[in-house]
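Colleague: For the sequence shown, position 192 matches number 176 in this note's numbering, and the numbering has no gaps at all.
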Amino acid sequence: MACFASAVLVLHQLMDALNTRHFPRPTGSGSGSICLLWDESHLWAILLWRCLAAWGVPLRLARASEIAAGLLRDQPPAALFVPGGWARFKAEALGSDGRKAVGDYLRSGGVYVGLCGGAGLALPDNHGLAVCPLCRKPMAQRLPNFSGSVACAPQQCHPLVPQDIPALIDLPVWWPSQFAIPKDAAPGGAAAKAATKATAGIDVLAAYVRPGPDFWVSDLALEQVAAPERSAWERLYGINLDPELLRGEPCIVTGLAGTGRYILSYAHLETPRAPAANSWLGHMLSFLLGQPPGLFGNRTAPAWNLGETPIVWDDPCLARIAAHLEAIIALGMRHFLLFWRHPWLLGWRRGIPGFVLTTLYAQVQTIRSLPPHAETEALWARHAADMEVLVHEFRRKMEAYLIAERLVMQRTPSSPEGSACDQVQKQRRELIGRFPGYGGLFGRIVRQLDELVWRQAVTATPTP
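#1: Alpha carbon to alpha carbon, what distance is there between I153 and R231?
#2: Assign W33 to buried or exposed, taking buried as 16 or more other Cβ atoms, counted over all protein chains shown, within 10 Å of its Cβ.
#3: Between R431 and the ligand NAP, is the CB less than 8 Å from at least one heavy atom?
#4: Does the beta-carbon distance from G266 to L248 come in below 9 Å?
#5: By DSSP's criteria, R413 is part of a beta bridge. Which residues make up the other side?
#6: Between I336 and L322, is the Cβ-Cβ spacing less than 9 Å?
#7: Do I312 and M382 have their CB atoms nearer than 9 Å?
#8: Could you tell me whether the Cβ of C136 comes closer than 9 Å to any Cβ of chain D?
#9: With DSSP run on the structure shown, which of helix, strand or coil describes F163?
#10: Do the segment 120 to 131 and the segment 215 to 224 make contact, defined as three or more Cβ pairs closer than 8 Å?
#11: The alpha helix (DSSP H) with R428 in it runs from where to where?
#12: Any idea what DSSP makes of L321, helix, strand or coil?
#13: From the DSSP output, in three-state form, read off G239 for me.
#14: Would you report the Cα separation of A176 and P150, rounded to the nearest angstrom?
#15: Taking only three categories from DSSP, how would you classify D203?
#16: Compare the C-alpha of D23 against each of P327, D198, L425 and R439 and name the closest.
#17: Following the continuous alpha helix (DSSP H) through G283, name the residue where it begins and the one where it ends.
#18: Provide the residue span of the beta strand (DSSP E) that contains P117, from first to last.
#19: Taking contact to mean 3 or more Cβ pairs, one atom from each stretch, closer than 8 Å, check whether the segment 37 to 45 and the segment 77 to 88 are in contact.
#20: Decide if the segment 43 to 54 is in contact with the segment 190 to 205; the criterion is three or more beta carbon pairs, one per stretch, under 8 Å apart.
#21: Mind checking whether Y250 and Y96 have CB atoms under 9 Å apart?
#22: In three-state terms, what does DSSP make of V(-8)?
#23: Quick check on A179: does DSSP put it in helix, strand or coil?
#24: What do you reckon, are the CB atoms on V188 and Q140 nearer than 9 Å?
#25: With a CB to CB cut of under 7 Å and the five nearest residues on each side skipped, what residues in its chain are close to P355?
#26: Can you give me the Cβ contacts of A466 inside the same chain, cut-off strictly under 6 Å, excluding the 5 residues immediately before and after it?
#27: Identify every residue that forms a DSSP beta bridge with W158.
#28: Which same chain residues, not among the five before or five after G196, have their C-beta less than 6 Å away from its C-beta?
#29: When DSSP labels each residue in this structure, what does G94 get in the three-state scheme?
#30: Mind checking who G316 pairs with in its DSSP beta bridge?
#31: Which first and last residues belong to the beta strand (DSSP E) in which Y246 is found?
#32: On the DSSP bridge list, what partners appear for F65?
#33: Which residue's Cα is closest to the Cα of V237: G316, F426, I165 and E218?
#34: Taking the alpha-carbon positions, what's the A314 to D148 distance?
#35: Roughly how many whole angstroms lie between the Cα atoms of C119 and H367?
#36: With G338 as the anchor, note down where its alpha helix (DSSP H) starts and where it stops.
Below you can see the structure in the form of structure tokens.
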């Protein structure tokens, strides 16, 4: 707990010192548009794209290969946005050339905005960009697998924070990591001084205070678990469940990188039905694009109901794939393994791969909601039959896995890392690969659908 306390102390000192520092506008010669890195974000890329596109933000969707080839140098945007997803896979997609290109862009005055996994990519861990000196807090020291709404204290009087923001606002988070000071340090020691120096350029824009509405840890709605009962649940689950581990910890940070700037948020500010978060994102966009504060402020992200998606591309094969996924979800709901937590997001029992199913269903419904173009139709014509066979196999094996997991749960609880039964764990790995990360049948399907979503989204996004 000494390391935890010292980290909070240092970060609070940074917040107290904020008002004494100058905050310049970005100095890059950006194009006046936002660049969104698409790779390895899947659901989160769709969520952010839907929000920015609905607001009319001048937007360029970019692949990691384009960034590695010099896109940020040749057509520097006002800011590079990186959505959620596995930071390690994003780093691999960028490669050494892409990571260097992002670093060069920041050092020449660019702005990097990372949301959740995009924030993790900016850290030194897992071959990340290392543009921010903070690290990821070790699992044993943080609150793992928390999601929903967290009441946060925003930093007042900062250009990146709306002037009229309340002293406490609810921000949505979806299974984030946590920031940590790069070295364990006792207060007053040499390591503490080194840590303070390393983080002296960091502003904490929002710090966690307490759980908000719809706050969950794993599959537990924490507001309905009395504090005296948490220790019993901790013994059963083998993880921390105390939300006090979040109090005072940074949720959104910003700092300089060369002549550029990074903004890292573990809160998903683009979440539907999160007006305070959406308004804050709009304020940041107005600032980064050099526009009046109210241009994108006070906007709300568009509602998203996957089950009621208006169908524009009425392709029979896509319809059958959607039906396969809906059948899996229906079976999971009948066996009390899945439920609709939000219209765009499934909830699930601990250990059940509900996020996998949400991702695939969101991809298919997004594809069907947009008009096809010749290039997209040609791509789909080459792969549709094989994809339908693959999804049918995925359905058959996923339904068998869910029934088997239901039986296992009656005896021993499973976890996100795997099933409590070796045989069922083998089924799980064949379906979704190893945790952390993804693979298996899901990996093959999600990559192919992602290519289709990408092409549909690019075509539907006006050129800035």
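Every residue gets a Cβ at the ideal spot worked out from N, C-alpha and C, and that includes glycine.
Modeller: Working from what's here:
#1: 14 Å
#2: buried
#3: With respect to small molecules bound, the structure shown includes none, and the ligand NAP cannot be examined in it.
#4: no
#5: Bridge partners of R413 according to DSSP: none are assigned.
#6: Yes.
#7: yes
#8: As a matter of chain content, chain D is missing from the structure shown, which is built from one protein chain.
#9: strand
#10: yes
#11: G424 to A444
#12: coil
#13: strand
#14: Interpretation of A176 is limited by its pLDDT of 44, a score under 50 that renders its predicted location unreliable; no figure is taken from the coordinates.
#15: coil
#16: R439
#17: The amino acid at residue 283 is misidentified as Gly; the sequence shows Arg. Run containing R283: none; DSSP gives neither H nor E here.
#18: Unbroken run through P117: none, as it is neither H nor E.
#19: With a cut-off of 8 Å, the segment 77 to 88 and the segment 37 to 45 do not count as touching, because too few Cβ pairs lie within range.
#20: Result no; under three Cβ-Cβ pairs closer than 8 Å.
#21: no
#22: Legend: pLDDT at V(-8) = 38, less than 50; position of this residue unreliable, value from coordinates given subsequently. Judged by DSSP in its simplified three-state form, V(-8) adopts helix.
#23: Interpretation of A179 is limited by its pLDDT of 49, a score under 50 that renders its predicted location unreliable; the figure taken from the coordinates is listed afterwards. Note: A179 maps to helix in three-state DSSP.
#24: Cβ distance not < 9 Å, so V188 and Q140 don't count as in contact.
#25: Excluding positions up to five away in sequence, the list reads V296 and W297.
#26: The question about residue 466 has no answer, for the chain in this structure spans -15 to 448.
#27: According to DSSP, W158 bridges with S131.
#28: S133, V134, A135 and D154
#29: coil
#30: The partner list for G316 (beta bridge, DSSP) is empty, contrary to what the question assumes.
#31: G244 to S249
#32: L20 and V97
#33: Among G316, F426, I165 and E218, the Cα nearest to that of V237 is on I165.
#34: 44 Å
#35: 41 Å
#36: G338 to R352
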